[in-house]
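**Student:**
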Ligand SMILES: [Zn+2]
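Residue numbers (my numbering), protein chains in the order written: chain Y, 3 to 282; chain U, 315 to 632.
#1: If you count every other CB in all the chains shown that lies within 10 Å of the CB of residue 193 (chain Y), and 16 or more means buried, which is it?
#2: List in chain order: all unbroken beta strand (DSSP E) runs of 3+ residues lying wholly within the segment 404-447 of chain U.
#3: Please report the distance separating the alpha-carbon of residue 63 (chain Y) from that of residue 158 (chain Y).
#4: Please list the terminal residues of the continuous alpha helix (DSSP H) segment that includes residue 40 (chain Y).
#5: How would you call residue 470 (chain U), buried or exposed, if buried means at least 16 neighbouring beta carbons within 10 angstroms?
#6: Between the alpha carbons of residue 423 (chain U) and residue 416 (chain U), how many angstroms are there, rounded?
#7: Can you grab the Cα-Cα spacing for the pair residue 44 (chain Y) / residue 266 (chain Y), in whole Å?
#8: Nearest-angstrom Cα distance between residue 407 (chain U) and residue 324 (chain U)?
#9: Are residue 104 (chain Y) and residue 131 (chain Y) touching if we call contact CB-CB under 8 angstroms?
#10: If you draw a straight line from the C-alpha of residue 371 (chain U) to the C-alpha of residue 359 (chain U), how long is it?
#11: Mapping the DSSP letters down to three states, classify residue 501 (chain U) as helix, strand or coil.
#12: Please output, in chain order, the residues near ligand 1 using a CB cut-off of less than 6 angstroms to any non-hydrogen atom of the ligand.
#13: Just to check my reading of the structure: residue 144 (chain Y) and residue 182 (chain Y) have Cβ atoms closer than 8 angstroms, yes? What is that Cβ distance to the nearest angstrom?
#14: What are the residues in the segment 160-184 of chain Y lying within 9 angstroms of chain U by C-beta distance?
#15: Looking at C-alpha atoms only, which residue of Y:81, Y:57, Y:175 is the closest neighbour of residue 210 (chain Y)?
#16: Pull up the CB-CB distance for residue 412 (chain U) and residue 454 (chain U), whole angstroms please, since I reckon it's below 8 angstroms.
#17: Taking a cut of 9 angstroms between CB atoms, which residues from the segment 488-504 of chain U lie near chain Y?
#18: Below 7 angstroms on C-beta distance, what does residue 239 (chain Y) contact in chain U?
#19: Can you find a CB in chain Y that lies within less than 8 angstroms of the CB of residue 549 (chain U)?
#20: At the 8 angstroms Cβ level, is residue 530 (chain U) part of the contact set with chain Y, yes or no?
#21: Pull up the distance between the alpha-carbon of residue 220 (chain Y) and that of residue 262 (chain Y), whole angstroms please.
#22: Could you pull out every unbroken beta strand (DSSP E) segment of at least 3 residues lying fully inside the segment 155-226 of chain Y, listed in chain order?
#23: Against residue 453 (chain U), what residues of chain Y qualify as contacts under a CB-to-CB distance less than 9 angstroms, listed in chain order?
#24: Can you tell me whether residue 80 (chain Y) is buried or exposed? The criterion is at least 16 other CB atoms within 10 Å of its CB, across all chains shown.
#25: Using the beta-carbon count (16 or more within 10 Å), is residue 114 (chain Y) buried or exposed?
#26: With a CB to CB cut of under 8 angstroms and the five nearest residues on each side skipped, what residues in its chain are close to residue 361 (chain U)?
#27: Select from U:575, U:508, U:458 the residue whose C-alpha is nearest the C-alpha of residue 400 (chain U).
#28: Could you tell me the alpha carbon to alpha carbon distance between residue 508 (chain U) and residue 527 (chain U), rounded to whole angstroms?
#29: Excluding the 5 residues preceding and the 5 following residue 503 (chain U) in the sequence, name in chain order all residues of the same chain whose CB lies nearer than 7 angstroms to its CB.
#30: Since residue 474 (chain U) sits in a beta bridge, which residues does DSSP pair it with?
#31: Evaluate contact between the segment 523-537 of chain U and the segment 572-590 of chain U, counting only Cβ atoms and requiring at least three cross-stretch pairs below 8 angstroms.
#32: Going by other Cβ atoms of all chains shown within 10 Å of its Cβ, with 16 needed for buried, is residue 83 (chain Y) buried or exposed?
#33: With a cut-off of 8 angstroms, does the C-beta of residue 630 (chain U) fall near any C-beta of chain Y?
#34: Buried or exposed, going by whether 16 or more other CB atoms sit within 10 Å of the CB of residue 25 (chain Y)?
#35: What is the DSSP secondary structure of residue 397 (chain U), reduced to helix, strand or coil?
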């Protein structure tokens, strides 16, 4: 059986606009009108209420990696439509649209980079690509990234933002949970650290695999983190969910993450963690 | 046992009933009646073959959910010569939706773990419809680690529509519990045999489903989400589950084709629910064969093969 299918979608990469046009923007957290330039300077964190806006992979790379050090690999891997899945529309079409809209090939970018001169393998998900869902390509890119980290003896950092497994790949997407977790076990057996960063949202199959497997797990404030989606839980139990349910603070209280960090302080703390692990 | 009959089963069951009636009549050796019976039995066998050889994916889902289908403990009772159920995750509680323990199949010591559904309303509630909480996954892991320490192979039987989506489950870390099992199962140094005996949905199934060989019974399904869940997301309408089942390609033959499972286990004619003993006998033979093969591999080779197996899963282009 051939696992590698060669197909081309002939996409034209385009820059994705992360926030609506205009100079001003309304905060989803406090409804304040914020000057966009200010927000940009503040890394898309509301100055009034500390609401962390969803940002794309490119912005995270800029925030967390030393300038010009991120060296992406395996960026040409693309999803195919192995099940010829058709829901409200064809998966193959959905992929084309997502690629065109985001200028990305998939919901994750992986590469070598430096954080205050510490070498790392960095995997960063992008919610704008089909809700950051995990299909074969996300699983394969993470697995290859971990393999490279093992070969080069580097720590791995994965920044998650995802609604979970990609339904349009059926059981194949489910298996990516096993695949990525197996590679993380291999990394752990090789004595290398793995840091997981959960951003809004980190749910479903992504939370039930690599996002919850960090040696250190960091979360941005207010991020939705959990296995089942709030809507499904509400439907199942037939009652309203308590305030703050499944948010970062709830996860911290229940012992499932190490620390909540504002976006502005993540890089500094990552440096501290990397130094700690390197010291031995 | 009260029989629950699916629409497509009806013609077979009616014919079988007719044959039984004729048999009851033929107390004195009426040769002509005997001929008729033989003829009808042939017809019934052909009908079973016809119907069961071209079941739709949705019909497989219905069979996998058949209320008379054997569950984990039904199989354990029939295939083991001894079984000691172990309880609790040593941390929070015992989850009746997952059972596990120390077993012997013939002379082979194994650990068996599986999702457990209930048959009566009371049992169903007690088993939480086979939908585990985090403590279920943690209990499973505890037992599996015990197996690894004493070099006993692990057999898991999958039968769940998913991990339970509830407040307590989230508070106690459903995601972490499942993730941890995937991580650990990927490198436990003993053979792990996974068999889907009914339904297999999402991380709830996979949470005890990572291993060296993955097999499915003929009338089962396995996917990332239940057909109802998929339909609810796609069309905001869970009644379109039949369509979702087709779209997700969740039948055993589909999964064999895309390299997710290693084989399909035959069920007795008409499905496992028609003959629990026979279904268990087939399962037992399969488990013994598989474990004998896996037991022959040195541990490092076993683990290398396991990671290779999962490395290959997926389709992409580059
Ligand atoms: Zn605000």
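Just so it is clear, CB atoms sit at the ideal spot from N, CA and C, and this is done for glycine as well.
Given the structure is predicted, the values throughout are model-derived calculations rather than measurements.
**Tutor:** From the atom records:
#1: exposed
#2: 412-419, 422-429
#3: 14 angstroms
#4: 38-43
#5: buried
#6: 7 angstroms
#7: 8 angstroms
#8: 43 angstroms
#9: yes
#10: 22 angstroms
#11: coil
#12: Y:29, Y:31, Y:32, Y:34, Y:48, Y:50, Y:51, Y:53
#13: 5 angstroms
#14: 166, 167, 168, 169, 170, 171, 172, 173, 174, 175, 176, 177, 178, 179, 180, 181, 182, 183, 184
#15: Y:175
#16: 5 angstroms
#17: 488, 489, 490, 491, 492, 493, 494, 495, 496, 497, 498, 499, 500, 501
#18: 480, 481
#19: yes
#20: no
#21: 6 angstroms
#22: 158-164, 196-205, 218-221
#23: In chain order: nothing, as chain Y lies at least about 17 angstroms away.
#24: buried
#25: buried
#26: 325, 326, 329
#27: U:458
#28: 6 angstroms
#29: 462, 613, 617
#30: U:514
#31: yes
#32: buried
#33: yes
#34: exposed
#35: strand
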